[in-house]
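Numbering-wise (the UniProt record's numbering), the sequence shown opens with residue 1 and increments by one.
Every residue, glycine too, gets a C-beta built ideally from N, C-alpha and C.
Values in this document were obtained by computation on a predicted structure and should not be read as measured data.
Working notes for the structure below.
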Amino acid sequence: MSKRFNIKNELEKLYFEIPKALVYEPKYKGNKAEGIKPLSNDAKFLYGILLDRTYLSMHTATEKGDTTYIDDNGDIFMYFELASIEEILNVGTKKAISVKKELIAFDLLEEVRVGQGKDNRLYLNIVETNKDNLKLYTSTFLNKVREKKKNEEKRIANLRKKKKAESVENTLYCQKGSTSTAQKEVLVLSKTQISNKELSNTDFSKPDFKKSDVDLFVLEDKAKKSLTYKIQMDTSMTIDEKVTELSKINNMNEHTKALVYKFTKYSILVSEAQIKMLNDCVYDVALESIDYTIAKGGRTFSYFYEVYKTKEKEDMDKLTNEFVFVPKFKPSFNTEKLFE
Numbered sequence: 001m002s003k004r005f006n007i008k009n010e011l012e013k014l015y016f017e018i019p020k021a022l023v024y025e026p027k028y029k030g031n032k033a034e035g036i037k038p039l040s041n042d043a044k045f046l047y048g049i050l051l052d053r054t055y056l057s058m059h060t061a062t063e064k065g066d067t068t069y070i071d072d073n074g075d076i077f078m079y080f081e082l083a084s085i086e087e088i089l090n091v092g093t094k095k096a097i098s099v100k101k102e103l104i105a106f107d108l109l110e111e112v113r114v115g116q117g118k119d120n121r122l123y124l125n126i127v128e129t130n131k132d133n134l135k136l137y138t139s140t141f142l143n144k145v146r147e148k149k150k151n152e153e154k155r156i157a158n159l160r161k162k163k164k165a166e167s168v169e170n171t172l173y174c175q176k177g178s179t180s181t182a183q184k185e186v187l188v189l190s191k192t193q194i195s196n197k198e199l200s201n202t203d204f205s206k207p208d209f210k211k212s213d214v215d216l217f218v219l220e221d222k223a224k225k226s227l228t229y230k231i232q233m234d235t236s237m238t239i240d241e242k243v244t245e246l247s248k249i250n251n252m253n254e255h256t257k258a259l260v261y262k263f264t265k266y267s268i269l270v271s272e273a274q275i276k277m278l279n280d281c282v283y284d285v286a287l288e289s290i291d292y293t294i295a296k297g298g299r300t301f302s303y304f305y306e307v308y309k310t311k312e313k314e315d316m317d318k319l320t321n322e323f324v325f326v327p328k329f330k331p332s333f334n335t336e337k338l339f340e
C-alpha cells in the first residue's frame, strides 16, 4: 500500500484538519533524554495546510476531470512555493525552510526534482497509525494530564497548610504603590507597640482574609443567588455591559473593573464580597494570577485567590533586603506620622 495520498481513496474535505497522531504519537513528541526534537506546532499546522491543498487537487481531478496534479502512479502532488509558506506561517525565509525540512525529516513530506528550471513537486505523505495505537497514546496522554492536575492540587493544598501555619503577628507590611515599582517600604513593628487606634488609619487595618480558605467557597455559593451573579450569567449582555452594570451595584476602582472583565470573559463567577477583595489586590499580581489560573484550567475564584496569595508572598519575599527594623522599645516620636 502506498504511503502517499491517492485519488482513488480520498474525497474532498472543506476544512483544515491535522491528524490526531501528530499530537499524541510518541514519535512526533520527541525525546529530551535522547536529544530528539519534537515536531513543532508550525510543522503540524503546515501539514494541515498542505493536506488541504492535497484535497483540492483531488477535487479538481474528480469533479472537473483535471489530472494536472496526478502523476502516472495516481499519486497526488502539488506546487507550493516557499513564499507561500512564509506568508501562511507569518515567518521569514529561514524559518519557513526549517519548518519544511521538519516535515521531510519526519517522513511526512517528499520533495521531488523534475528538471532544471521547473518547480519541485511536493508529495504529502499519510500519517501512519492505527486505531489501537492512537487509543493507547490518547490514554497515555490523558493519564499524564490527570497526574499533572493531581500534583497541582497537592501543591495548592500544601500552600494552604503553609499559609495557615505562618505567624504574622509581629510583622507589619507597609507597601506604597504596586509591587512592580521600587517604591516599597516594609516596617517590622512589635504588635504591642502600636495600638489598634494607631492602626485604624492605615491600609493594614483591613482584614487580610486569612479565613478565605474556607470562606471563599461559602461566598461563591451565596453569589449564585445574588444580583451580581445574575448579571454575570446574562447571555444577552456583552462583557463591557456586564462590567458597567456590576460597577453600579459594587464599589470598583478601575483596576478592579479590568480584573472583573477578565473573570467574566473566562466565566469565573465573583461575588460582591470577592469584588471588595479585588479592590485590595495589587493589580499586576492579580492579573498575572488570573492568567496562571486560566492556563492551569482553574475555574473558580478560590483557585485564583490561592495563586494570588502565593505570588504576592513571593513578591514580598523579594523585599527582604529592604526591611527597616524598628527597635523593640517605645519610640519617642508619634508612629502615626510613619503612615502619613
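Inter-residue Cα distance where the pair is residue i and residue j
| i | j | result |
| --- | --- | --- |
| Thr129 | Ala96 | 27 Å |
| Lys29 | Asp42 | 14 Å |
| Ser139 | Glu245 | 45 Å |
| Ile275 | Ile231 | 14 Å |
| Leu51 | Asn31 | 26 Å |
| Glu152 | Leu82 | 43 Å |
| Ile290 | Ser302 | 11 Å |
| Asn253 | Tyr229 | 19 Å |
| Ile239 | Lys44 | 34 Å |
| Asn143 | Asp71 | 44 Å |
| Lys311 | Ile76 | 55 Å |
| Leu319 | Lys161 | Unreliable placement is indicated for Leu319, whose pLDDT of 47 sits below 50; the coordinate value is still reported in the next sentence. Rounded to whole angstroms, Leu319 to Lys161 spans 23 Å at the Cα level. |
| Leu159 | Ser247 | 33 Å |
| Glu111 | Thr256 | 55 Å |
Where residue i falls, given that 16 or more other Cβ within 10 Å makes a residue buried
| i | result |
| --- | --- |
| Pro19 | buried |
| Tyr305 | buried |
| Ser84 | exposed |
| Met58 | buried |
Residue span of the alpha helix (DSSP H) that contains residue i, given as start and end
| i | result |
| --- | --- |
| Tyr292 | 283 to 295 |
| Tyr266 | No alpha helix (DSSP H) contains Tyr266, which DSSP labels as neither H nor E. |
| Leu227 | 227 to 233 |
| Leu103 | 93 to 105 |
| Arg4 | Where Arg4 is concerned, there is no enclosing alpha helix (DSSP H), given that its DSSP letter is neither H nor E. |
| Arg53 | 41 to 64 |
Where the beta strand (DSSP E) containing residue i begins and where it ends
| i | result |
| --- | --- |
| Glu111 | 109 to 112 |
| Arg121 | 121 to 124 |
Option nearest residue i by Cα separation, candidates the options
| i | options | result |
| --- | --- | --- |
| Tyr266 | Arg299, Tyr123, Pro38 | Arg299 |
| Val282 | Lys313, Gly297, Ala273 | Lys313 |
| Met237 | Thr264, Glu254, Ile249 | Thr264 |
| Ile49 | Gly297, Asp284, Leu124, Val270 | Leu124 |
| Asp119 | Gly74, Tyr79, Gly92 | Tyr79 |
| Ala105 | Phe16, Ser40, Glu63 | Ser40 |
| Arg53 | Lys148, Gly297, Arg121, Asn250 | Arg121 |
| Met277 | Lys262, Asn251, Thr293, Glu111 | Asn251 |
Beta-carbon separation (whole angstroms), residue i vs residue j, contact threshold 8 Å
| i | j | result |
| --- | --- | --- |
| Leu46 | Leu103 | 6 Å |
| Leu269 | Leu287 | Contact flag wrong, Cβ pair sits at about 18 Å. |
| Val127 | Leu108 | 7 Å |
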